[in-house]
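Below you'll find the structure, written out as structure tokens, and then a few comments.
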Amino acid sequence: MKSISYFTGLVFMLAIVSGCKKTPNDDLSFLETAKNPDKINALFEITQDNSGLVTITPSGEGVASFDVLYGHGPTTPVKVAPGKNTQHTYPEGVYNVKLVGYNLTGKTTEVTKQLTVTFRAPENLEVTATIDPSNNYRLNVTAKAQYETFFRVFFGENPNEVPKAFNEGETVSHIYSSIGSYTLRVVALSGGAATTEYTQTINIVDPVLLPLTFESLTIPYDFINFGGGTVTVIDNPQKNGINTSNRVGRMVKNPPEPWGGSVITLGEAINFSANKIFRMKVFSPRVGAKVLLKVENLTDGGIFFEQEATSTVANSWEELGFDFSAINTANSYQKVVLIFDLGTPGDGTANYTWLFDDLRLTNTMPGILALPLDFESTSLTYNWFDFDGGNATVINNPDASGSNTSARVVRMIKNAGQPWGGSFLTLSQPMNFTNKVFRMKVWSPRVGAKVLLKVENSANPAQNFEASAEATVANRWEDIVFDYSNIPAGTYDRVVLIFDLGTTGDGSANFTYYLDDIRLESTFPVAIPLNFEYPITYGWFDFDGGNATVINNPDASGINTSAKVVRMIKNAGQPWGGSFLTLSTPIDFTKKNFRMKVWSPRIGANVLLKVENSANPGQNFEVSSSTTVANAWQELTFDYSGIPAGTYDRVVLIFDLGTPGDGSSNFTFYFDDLRVN
6 MKSISYFTGL VFMLAIVSGC KKTPNDDLSF LETAKNPDKI NALFEITQDN SGLVTITPSG
66 EGVASFDVLY GHGPTTPVKV APGKNTQHTY PEGVYNVKLV GYNLTGKTTE VTKQLTVTFR
126 APENLEVTAT IDPSNNYRLN VTAKAQYETF FRVFFGENPN EVPKAFNEGE TVSHIYSSIG
186 SYTLRVVALS GGAATTEYTQ TINIVDPVLL PLTFESLTIP YDFINFGGGT VTVIDNPQKN
246 GINTSNRVGR MVKNPPEPWG GSVITLGEAI NFSANKIFRM KVFSPRVGAK VLLKVENLTD
306 GGIFFEQEAT STVANSWEEL GFDFSAINTA NSYQKVVLIF DLGTPGDGTA NYTWLFDDLR
366 LTNTMPGILA LPLDFESTSL TYNWFDFDGG NATVINNPDA SGSNTSARVV RMIKNAGQPW
426 GGSFLTLSQP MNFTNKVFRM KVWSPRVGAK VLLKVENSAN PAQNFEASAE ATVANRWEDI
486 VFDYSNIPAG TYDRVVLIFD LGTTGDGSAN FTYYLDDIRL ESTFPVAIPL NFEYPITYGW
546 FDFDGGNATV INNPDASGIN TSAKVVRMIK NAGQPWGGSF LTLSTPIDFT KKNFRMKVWS
606 PRIGANVLLK VENSANPGQN FEVSSSTTVA NAWQELTFDY SGIPAGTYDR VVLIFDLGTP
666 GDGSSNFTFY FDDLRVN
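The number in this note's numbering is simply the position in the sequence shown, starting from 1, with 5 added.
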């Protein structure tokens, strides 16, 4: 009967609304999607005069009206509109109040709430007040007590505050407008005049914690400046690239001290238990600016750890990494110190003004410019600095073949300018010269092009070291090696490249080179091309009378003035006596001409050059050539155009195949510069 009455009233109401419209609209489809009433609740407020008068205010979502059954007295429910209330007088006792919520279609949801009516003062009042983890200014409060009917809470911010009423089991919240100490007061009420109160001092703080993003408008970022360093938090003047945040830190380095910087104390000690890599975004006015990040103990400045990074771009945001993995985590660190260009006094100009942001702990270093350099990253900026005609640009590999099929390489064009024209790249961190063999893949338009690879200290370019090599093939990739075994101890964070030092370029194809995969390795490669200049042991294996040894060049003249060559002595033994060398990597036979410089004691000496698969010597190929001059260097060519596809990583040499040697000068030969082109 109740449902029929409710539906009749609804139809009547809709008829009135429809009658007010000029255009008829009979679409009631919205009723089909009406949600069931939800989150039905009620606030019980008892008058404190021992009368037992309780005001009941129901609430809920998606509710058009409520039925309230008091659980005492009349059994007919009382209908209450949303936002309204009803009253009933109870004797002391515990009652189950039923609440029924109706939506527009008559669908219902009901709950039962327990009401305690007593004239005895509440006892055992317990209040829980916690700062919301997502907002340092929000306080969440719950309470419970015996003999209570409801609670009132005063948050203590406004002297004319109207208290909030709530029931046991509910949470009420308040957002404070500023930091400070406030007195929270919670009053437990029953039906009598006596109440029970609870008070607590609430400290609203907004501590400076990692990560430092500077976005909060309430956190006091209290940097303490020293020695000329001055940090202020400002609106981001460079909202671009990797940093479009609203606020950043600005460091201006003024006179007088070379260590001028700033320090900020965090609200708690830094937690290094999981992450030990600091990352920070920096906007530097120049390449090569040093950034020192230091952490200190709260009370003992002698307990600290620091790392330094170097800017690799100018007037652009980049992310620098600071590796703190070696920090002693048994100590406590609560201060963060920043010093830019430690060792150089600032002058307060734009050249000594930096921006920084987003200082945080992670477990990985950012994408940084460091060896090895393969130029494959699309997120890194490879800021080559060109000088005196050199021009270096990262481009797609124009000849992805042979020993270099990577996607991206560097093109170096030597234009008109100076004979020393080239380019340099400053890395994010110094190079580690535990390994002293520099290797780089090079594509040269001609044989004999010189390549100078130099390293420098970006802060002091006079501290440098360089080594040169030559291209041995043309129009194809080869791996060039630079001997850095004599590099002095020092800090080297810049790579300088000059092609054809001493010759002025003209920007043509003849002065266009490509380079890739710059890296440091522990040993010199035993690979084609072989020039025997590297300070390593070439493991020649002699057989049946042959004997090969790397020695100083006994006749540095003509076409071979190199320092080291191989001497081959054919002793008594077998007519096939010779030696072989197993290489580090298979030979690249993209080109099919093997070349070798030979010094022979006589004309017509036969030279057999054979290649094998070291794992399967049955897979081999060989070609012979004969000397045409005596007691002088000449270059022999071995036509390998007929070599079958396969893996060949061993070179076998036999002089005068078919004739036993006697170990004399007549059977002593020299050879050098084995290469394929």
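No residue lacks a Cβ here, since even glycine has one placed at the ideal position from N, Cα and C.
{"Asked": "Taking G106 as the reference, which of N368, P559, I45 has the closest Cα?", "Found": "I45"}
{"Asked": "Could you tell me whether the Cβ atoms of Y489 and A472 are closer together than 8 Å?", "Found": "yes"}
{"Asked": "Beta-carbon separation of R255 and T237 under 8 Å?", "Found": "yes"}
{"Asked": "Going by other Cβ atoms of all chains shown within 10 Å of its Cβ, with 16 needed for buried, is D305 buried or exposed?", "Found": "exposed"}
{"Asked": "What's the gap between the Cα of Y338 and the Cα of R499?", "Found": "33 Å"}
{"Asked": "What three-state label does DSSP hand Y107 in the structure shown?", "Found": "strand"}
{"Asked": "Could you compute how far the alpha carbon of A561 sits from the alpha carbon of N621?", "Found": "37 Å"}
{"Asked": "Beta-carbon of L613 versus every beta-carbon of chain B: anything under 8 Å?", "Found": "No chain B is part of this structure, which consists of one protein chain only."}
{"Asked": "Can you tell me whether DSSP reads K26 as helix, strand or coil?", "Found": "Below a pLDDT of 50, predicted positions are generally treated as unreliable, and K26, at 45, falls in that range; no measurement from the model is reported."}
{"Asked": "On the DSSP bridge list, what partners appear for A397?", "Found": "M417"}
{"Asked": "What are the partner residues of K286, as DSSP defines its beta bridges?", "Found": "E324, D362"}
{"Asked": "Hey, Y645 and F599: beta-carbon distance below 8 Å or not?", "Found": "yes"}
{"Asked": "For W425 and F228, I'd like the C-alpha separation in whole angstroms.", "Found": "47 Å"}
{"Asked": "From V511 to V342, what distance separates their C-alpha atoms?", "Found": "Strictly speaking, residue 511 in this sequence is Asp, with Val absent from that position. Straight-line Cα distance between these residues: approximately 50 Å."}
{"Asked": "Whole angstroms are fine: how far does the CA of N611 sit from the CA of P665?", "Found": "13 Å"}
{"Asked": "Using only the alpha-carbon positions, how far apart do P649 and F626 sit?", "Found": "8 Å"}
{"Asked": "Hey, out of S513, K295, Y203, whose CA is closest to F156's CA?", "Found": "Y203"}
{"Asked": "Rounded C-beta distance between L586 and V628? I'm assuming under 8 Å.", "Found": "That pair is no contact at about 17 Å."}
{"Asked": "Between the region 111-124 and the region 49-59, do at least 3 Cβ pairs fall closer than 8 Å?", "Found": "yes"}
{"Asked": "Tell me, which residues are paired with D391 by DSSP?", "Found": "S428"}
{"Asked": "Look at K441 and I492 and say whether their C-beta atoms are less than 8 Å apart.", "Found": "yes"}
{"Asked": "Between which two residues does the beta strand (DSSP E) harbouring N469 extend?", "Found": "465-475"}
{"Asked": "Can you give me the C-alpha to C-alpha distance between A274 and N280, rounded to a whole angstrom?", "Found": "14 Å"}
{"Asked": "Quick check: the Cα distance between K26 and P225, rounded to an integer number of angstroms?", "Found": "Reliability fails at K26, whose pLDDT of 45 lies under 50, so the model's placement of it is uncertain and no value is given."}
{"Asked": "Just to confirm, is the Cβ distance from M436 to V460 under 8 Å?", "Found": "yes"}
{"Asked": "Would you check if the distance between the CB atom of G265 and the CB atom of G293 is smaller than 8 Å?", "Found": "no"}
{"Asked": "Go through its chain and collect everything with a Cβ distance to K340's Cβ below 6 Å, but skip five positions before and after it.", "Found": "V268, T270, E301"}
{"Asked": "According to DSSP, F309 sits in a beta bridge with which residue or residues?", "Found": "E301"}
{"Asked": "Take E2 and list the residues in its own chain whose beta-carbon comes closer than 7 Å to its own, dropping the five residues that flank it on each side.", "Found": "Given a span of 6 to 682 for the chain in the structure shown, any question on residue 2 remains unanswerable."}
{"Asked": "From this set, G583, G67, I373, which residue's C-alpha is nearest Y111's C-alpha?", "Found": "In the sequence on display, residue 111 carries Gly and not Tyr. Looking at the Cα atoms, G67 is the closest of the given residues."}
{"Asked": "When the distance is taken between beta carbons, is Y519 closer than 8 Å to V414?", "Found": "yes"}
{"Asked": "In chain order, what residues of the same chain lie with their CB nearer than 8 Å to the CB of S408, ignoring the 5 residues before and after it?", "Found": "K446, W482, E483, D484, D593"}
{"Asked": "In three-state terms, what does DSSP make of F231?", "Found": "strand"}
{"Asked": "Using only the alpha-carbon positions, how far apart do I608 and M601 sit?", "Found": "16 Å"}
{"Asked": "Helix, strand or coil for F219 per DSSP?", "Found": "coil"}
{"Asked": "Using CA atoms only, rank isn't needed, just tell me which of Y543, A319, G78, L535 is closest to S433.", "Found": "A319"}
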